[in-house]
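Below is one structure, written out as structure tokens; the observations come after it.
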Amino acid sequence: MNDWKTQSWFGRDVAAGTYLNAELEITESYSGRNITIPIRVLRGDAPGPTLMVTGALHGDELNGTGAIRSLISDPDWGPDRGNVIMIPVLNVLGFERHSRYLPDRRDLNRCFPGHAAGSMATRMARVIFDAVVSRCDYGIDLHTAAVRRTNYPNARADFDNPQCLRLATAFGAGVILDNRGPKGSFRREATAAGCPTIVVEGGEVWKVEPSVLECMARGIVNVLKELDMLDGEPEVPDNQVKLKTTKWVRAERGGFMDMHVSPGSTVVTGQPLATNSSLLQEDQNRLIAPFDGIVIGMTTLPAVQPGEPVIHLGRLSSPKTARRVRRQSQADEIQRTTQQHLSTNIQVTPPG
Ligand SMILES: [Zn+2]
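So in full-length UniProt numbering, spot 112 of the sequence shown is number 112, and the numbers just go up one at a time.
Right, here's the structure in full:
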């Protein structure tokens with residue numbers, strides 16, 4: 001095994017205290033060329049854990065890519081202790097087509113840990129698992145909402161795994177969800193393989209949203225501090241809440257939605273969330289909060305059919321908690337600006 005002074009990463013020697021821009025061969029193109037994933041390996045002067053940070057595992061989810069690129073744009077940025085493996089775009093084939101999926105329409109995030117003799121997707125997953133995950137101690141996997149939706153930044157972790165909960169708490173997104181991820185997902189399989197990994201969701205596809213980028217970049221630095229890879233304490237907002245239960249409030253009728261809340265809004269039971277009316281403003285029905293909660297996701301497409309998801313609500317323990325979370329989120333600059341920025345994309349009106 002490598003000693004700390006020099007380690008081999010992706011076929012190259014990397015000295016402690018330096019970085020390497022590497023390429024990991026992942027598959028071959030239809031024209032027979034190598035397809036590679038660009039990776040930055042950042043090595044601290046002193047020993048410590050190895051953390052992987054991945055973006056665009058869904059090839060259209062670019063906020064994480066923006067956060068990783070903003071951190072590595074400073075050539076002096078990196079850990080004092082340990083290694084950070086930064087992968088701005090994990091799913092390069094999806095990314096090249098501005099798509100969530102691989103060209104064969106498979107979801108790479110359901111193909112881990114992969115299989116060396118399987119489908120294209122599972123072979124790629126296996127390469128990533130063997131070359132990256134097997135050498136990392138912790139992971140952060142950055143996502144956004146799916147197409148036509150947005151997410152208020154939230155970290156997702158298996159609360160039964162103390163290390164996952166530790167990473168999610170230190171990240172400091174403001175909201176933490178107990179969720180270990182579906183079978184075959186990167187975070188679940190990496191965690192099962194001994195590399196505790198969390199997901200962080202924020203914003204929309206096809207964009208780099210400034211406040212979501214800030215939240216993710218702060219979170220990555222926070223995790224480095226928590227793992228003693230950098231000096232200092234993580235900057236975690238006071239109002240951070242841990243959610244066990246979430247629910248999509250769905251449209252009952254077809255029509256056009258007037259929203260009464262935006263991402264990050266806190267609500268109490270019975271509060272109007274959105275009013276559905278015909279195109280000529282005839283009321284169809286109103287969606288109300290089924291419990292005290294916080295809006296962690298919502299549709300950005302106001303035209304809905306019955307059964308379509310409108311508001312993703314995380315359950316808070318009481319109206320008092322909802323009020324406290326609202327008050328304290330305004331005290332954290334990143335959360336306050338994130339709420340402002342994300343709400344500018346959505347027409348929010350008071351219930352009539
Ligand atoms: Zn995703």
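Where a beta carbon is used, it is the ideal one built from N, C-alpha and C, also for glycine.
Bear in mind the structure is a predicted one, so any value in this text is a computation, not a measurement.
Closest Cα partner of Gln328 within the set Ala46, Thr266, Ala146: Comparing Cα-Cα distances from Gln328 to each of Ala46, Thr266, Ala146, the minimum goes to Thr266.
For Glu209, does the count of other Cβ atoms within 10 angstroms reach 16, so buried, or fall short, so exposed? Under this definition Glu209 is a buried residue.
Looking at the secondary structure, which residues open and close the beta strand (DSSP E) in which Thr349 lies? Going by DSSP, Thr349 is part of no beta strand (DSSP E) at all; its letter is neither H nor E.
Are Leu93 and Ala121 touching if we call contact CB-CB under 7 Å? Not closer than 7 Å, so no.
Does DSSP put Leu117 in a helix, a strand or coil? Before going further, note that residue 117 is Ala rather than Leu in the sequence given. DSSP places Ala117 in coil when its eight states are reduced to three.
Counting C-beta neighbours from all protein chains within 10 Å, is the total for Lys320 16 or more, i.e. buried, or is it exposed? By the neighbour-count rule (16 or more Cβ atoms within 10 Å), Lys320 is not buried but exposed.
The stretch 202-220 contacting the stretch 62-80, beta-carbon criterion three pairs below 8 Å: Contact between the stretch 202-220 and the stretch 62-80 is present, with at least three C-beta pairs closer than 8 Å.
Look up Met1 in the DSSP assignment and say whether it is helix, strand or coil. Only weak support exists for where Met1 lies, its pLDDT of 47 falling under 50; the value from the coordinates is given anyway. The three-state reading of DSSP puts Met1 in coil, since its state is none of H, G, I, E or B.
When the distance is taken between beta carbons, is Leu108 closer than 7 Å to Asn91? Contact flag set, yes.
Report, in whole angstroms, the separation of the C-beta atoms of Cys111 and Ala125, which I expect to be a contact under 8 Å. In this structure Cys111 is in contact with Ala125, their Cβ atoms being roughly 4 Å apart against a cut-off of 8 Å.
Measure the C-alpha to C-alpha separation of Ala173 and Arg105 and round it to an integer number of angstroms. Roughly 31 Å between the two C-alpha positions.
Quick check on Pro319: does DSSP put it in helix, strand or coil? Here Pro319 sits in helix by DSSP.
Would the C-beta of His98 count as close to ligand 3, meaning under 6 Å from any of its heavy atoms? With respect to ligand 3, the structure offers nothing, as its ligand set consists of ligand 1.
Per DSSP, Val92 forms a beta bridge with which residues? Paired residues: none, contrary to the question.
Near ligand 1, which residues have their beta-carbon closer than 6 Å to a heavy atom? Any residue whose Cβ sits closer than 6 Å to a heavy atom of ligand 1 makes the list: His58, Glu61, His143.
Residue from Met298, Leu342, Asn21 with nearest C-alpha to Lys207: Cα-wise, what sits closest to Lys207 is Leu342.
Which full runs of the beta strand (DSSP E) of 3+ residues lie inside the stretch 258-316, going along the chain? Whole beta strand (DSSP E) segments, 3+ residues: 272-277, 283-288, 293-299, 309-315.
For Lys244, which of Met298, Ala155, Val212 has the nearest alpha-carbon? For Lys244, the closest of Met298, Ala155, Val212 by C-alpha to C-alpha distance is Ala155.
Pairwise C-alpha distance: Asp130 and Glu252: Approximately 46 Å between the Cα atoms of the pair.
Could you tell me if Tyr30 is buried or exposed, where buried requires 16 or more neighbouring beta carbons within 10 angstroms of its beta carbon? Residue environment analysis places Tyr30 among the exposed positions, since fewer than 16 neighbouring C-beta atoms fall within 10 angstroms of its C-beta.
By how many angstroms is the C-alpha of Val14 removed from the C-alpha of Asn83? Asn83 and Val14 have their C-alpha atoms roughly 11 Å apart.
For the stretch 229-238 against the stretch 268-285, are there 3 or more C-beta pairs whose distance is under 8 Å? Because the criterion of three Cβ pairs below 8 Å is not met, the stretch 229-238 and the stretch 268-285 do not touch.
Which one of Asp258, Met52, Thr338 has the shortest CA to CA distance from Ala303? The shortest C-alpha to C-alpha distance from Ala303 to any of Asp258, Met52, Thr338 is the one to Asp258.
For Gln271, collect the residues of the same chain with a Cβ closer than 6 Å to its Cβ; drop the 5 residues on either side in sequence, then sort them by chain order. These residues qualify, in order along the chain: Ala289.
Classify Asp292: buried if its beta carbon has 16 or more other beta carbons within 10 angstroms, exposed otherwise. Buried, because 16 or more other Cβ atoms sit within 10 Å of the Cβ of Asp292.
Can you find the residues in the same chain that come closer than 7 Å, C-beta to C-beta, to Arg324, ignoring five residues on each side of it along the sequence? Shown here for Arg324: same chain residues with a beta carbon closer than 7 Å to its own, the five before and five after excluded, namely Asn239 in chain order.
If you draw a straight line from the C-alpha of Ala168 to the C-alpha of Glu308, how long is it? Cα to Cα, Ala168 sits roughly 30 Å from Glu308.
Determine the DSSP secondary structure at Val143, reduced to helix, strand or coil. According to the sequence provided, residue 143 is His. The question's Val does not apply to it. Residue state for His143 is assigned as strand, using DSSP reduced to three classes.
Would you call Val310 buried or exposed, if buried means 16 or more other Cβ atoms sit within 10 Å of its Cβ? Burial call: buried.
I think Phe159 touches Leu165, with their Cβ atoms under 8 Å apart; what is that distance to the nearest whole Å? Yes, they are in contact, since the Cβ atoms of Phe159 and Leu165 sit about 5 Å apart, within 8 Å.
Which of helix, strand or coil DSSP assigns to Gln7: In the three-state reduction of the DSSP assignment, Gln7 falls in the strand class, which pools E and B.
Alpha carbon to alpha carbon, how far is Arg40 from Gly17? Give it in angstroms, no decimals. Roughly 13 Å separates the two Cα atoms.
By the DSSP assignment, the beta strand (DSSP E) with Ala16 in it spans what residues? From DSSP, Ala16 is part of no beta strand (DSSP E); its letter is neither H nor E.
Return helix, strand or coil for Phe129, following the three-state DSSP convention. Shown here, Phe129 sits in a helix according to DSSP, grouped into three states.
For Ile37 and Gly118, I'd like the C-alpha separation in whole angstroms. The C-alpha of Ile37 lies about 20 Å from the C-alpha of Gly118.
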